[in-house]
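Its first residue numbered 1, the sequence shown is counted upward by one per residue in UniProt numbering.
Quick reminder that beta carbons are idealized off the backbone N, C-alpha and C, glycines included.
A short write-up of the structure that comes next.
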Amino acid sequence: ATEISKCKLIVLQLEIPLETVYYAIDFGVKHGIDVLLNPAPAQPDLLLSRVRACTYFTPNESELSLLTGMPVETIPDVRNAAHT
């Protein structure tokens with residue numbers, strides 16, 4: 001963990017087990033490392049409460065809609081979904 005804790009950014013996506021994603025997020029927070037999560041492929045069982053600690057969260061429209069259960073047809077829709 002010594003070398004990993006020296007990195008400046010942890011980049012994640014959802015092609016690995018969710019528990020691994022959550023562990024990496026927690027590791028980043030613990031060591032003051034920025035975390036970028038691209039939630040692809042979208043997984044409806046992703047716990048948004050566990051990913052709120054990410055520095056960067058980059059869903060596309062369909063991923064944002066799937067994860068929040070909200071429409072993303074307009075800019076205000078996207079803002080509302082992004083702030084949930």
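Which of helix, strand or coil does DSSP assign to residue i?
i	result
V72	coil
L47	coil
L66	helix
What number of angstroms, rounded off, separates the C-alpha of residue i from the C-alpha of residue j?
i	j	result
E63	P44	9 Å
L46	E19	10 Å
P41	N60	10 Å
R52	A82	11 Å
I33	I16	20 Å
V29	K8	12 Å
R50	A24	11 Å
Measuring CB to CB, does residue i end up less than 9 Å from residue j?
i	j	result
T58	M70	no
V11	L36	yes
T74	L48	no
So residue i is in the alpha helix (DSSP H); what residue range does that whole segment cover?
i	result
residue 97	With the chain running from 1 to 84 in the structure shown, residue 97 is simply not present.
Nearest CA to the CA of residue i: which residue from the options?
i	options	result
C54	V21, K6, I4 and C7	V21
D26	S5, P39 and N38	S5
P39	Q13, Y56 and H31	Q13
Span of the beta strand (DSSP E) holding residue i?
i	result
N38	D34 to N38
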